[in-house]
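**Student:** I'd like to ask you about the structure that follows.
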Amino acid sequence: MKHTISVLVENQFGTFNRVVTMFSGKGFNVHSLSIGETEVPDISRMTIVTSGDDKIIEQVVKQLNRLIDTLKVVDLTGQPKIERELALITVYYQKGTRTEIVNVANIFRGKVVDINNKSITLEITGPPDKIDAAVNVLEPYGIKEMARSGTVALKRGEQIKHDKKDILVNHIKEGTK
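With the working numbering applied, the sequence shown corresponds to residues -17 to 159, in that order.
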């Protein structure tokens, strides 16, 4: 089963490498990993999509919590969340199929971001299953190239904004470091 894990980390040199090394060293599979700065510039959010049974995911969460730069780890699986992914998909087209491909993009609320005399590049954003569905519909036309951003996710509902100091204090109080 796939799990989406949100990890708040200190935005420092080497943090990303420590997380990736932990996953490879323990033999954990990563389906996607996205990282970016949060509303607090000194903190980054990593969204990791991985798979495994409950025991493996529990181990992943424990190992992530042990890393020196980790501030907070949350398994979002089974919780209300908002997930998004960006895909750039270049599709071959022929004289009669260009309009069809543009219509497919419109159905998935995508847009054309590049076109030449042989191919068209679409940008589609949405939940991972929406991206998968778009890819399935576009495959018969001939996908030339595709890049997917990986999943980014946030817990749905009211979020309390914290600054770095609040997160660090709460993290120490929870006794996970």
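Think of the CB as a built atom: it goes at the ideal place given N, C-alpha and C, for glycine as much as any other residue.
Look at V56 and Y123 and say whether their C-beta atoms are less than 8 Å apart.
**Tutor:** By 1-based counting over the sequence shown, the position of residue 56 is 74. By 1-based counting over the sequence shown, the position of residue 123 is 141. In this structure, Y123 does not lie closer than 8 Å to V56 by Cβ.
**Student:** From K100, E105, L68 and N98, pick the residue whose C-alpha is nearest to that of V86; which is it?
**Tutor:** Working through the sequence shown from its first residue, we reach residue 86 at position 104. It is E105 whose Cα lies nearest to the Cα of V86.
**Student:** So, helix, strand or coil for Y74, using DSSP?
**Tutor:** Taking the first residue of the sequence shown as position 1, residue 74 is located at position 92. Of the three classes helix, strand and coil, the one that applies to Y74 here is strand, per DSSP.
**Student:** Note down, one range per segment and in chain order, each alpha helix (DSSP H) of at least 4 residues found wholly within the region 30 to 116.
**Tutor:** Runs found: 36 to 48 and 80 to 89.
**Student:** L49 and I30 - do their beta-carbons sit closer together than 8 Å?
**Tutor:** To locate residue 30, count along the sequence shown from 1; it is residue 48. To locate residue 49, count along the sequence shown from 1; it is residue 67. Cβ distance not < 8 Å, so I30 and L49 don't count as in contact.
**Student:** If you pair each beta-carbon of the region 58 to 73 with each one of the region 107 to 118, do three or more pairs fall below 8 Å?
**Tutor:** Result yes; three or more Cβ-Cβ pairs closer than 8 Å.
**Student:** Please determine if the region 4 to 18 and the region 29 to 43 are in contact, where contact requires at least 3 C-beta pairs separated by less than 8 Å.
**Tutor:** Yes, they touch.
**Student:** State the DSSP-derived secondary structure class of M4, mapped to helix, strand or coil.
**Tutor:** Within the sequence shown, residue 4 is the residue found at index 22, counting from 1. If DSSP states are grouped into helix, strand and coil, M4 belongs with the helices.
**Student:** Spatial neighbours of M4 within its chain, please: C-beta separation below 6 Å, excluding the five flanking residues on both sides.
**Tutor:** One-based indexing of the sequence shown puts residue 4 at position 22. Here the set comprises Q45.
**Student:** Among V119, D114 and K137, whose alpha-carbon lies nearest the alpha-carbon of R130?
**Tutor:** Position 148 of the sequence shown, counted from the start, is the residue given in the question as residue 130. Ranking V119, D114 and K137 by Cα distance to R130 puts D114 first.
**Student:** Out of curiosity, what's the CA-to-CA distance linking S26 and N(-1)?
**Tutor:** Your numbering for residue 26 matches position 44 in the sequence shown. Your numbering for residue -1 matches position 17 in the sequence shown. Taking the straight line joining both Cα atoms gives about 14 Å.
**Student:** Let me check understanding here. Comparing Cα to Cα, which of V95, H(-15) and K8 lies closest to Q36?
**Tutor:** Against the sequence shown, residue 36 aligns to sequence position 54. Looking at the sequence shown, residue 36 is not Gln but Asp. The shortest C-alpha separation from D36 is found at H(-15).
**Student:** Can you tell me which of the three DSSP states E19 falls into?
**Tutor:** Here residue 19 refers to the residue found at position 37 when the sequence shown is read from its first residue. If DSSP states are grouped into helix, strand and coil, E19 belongs with the strands.
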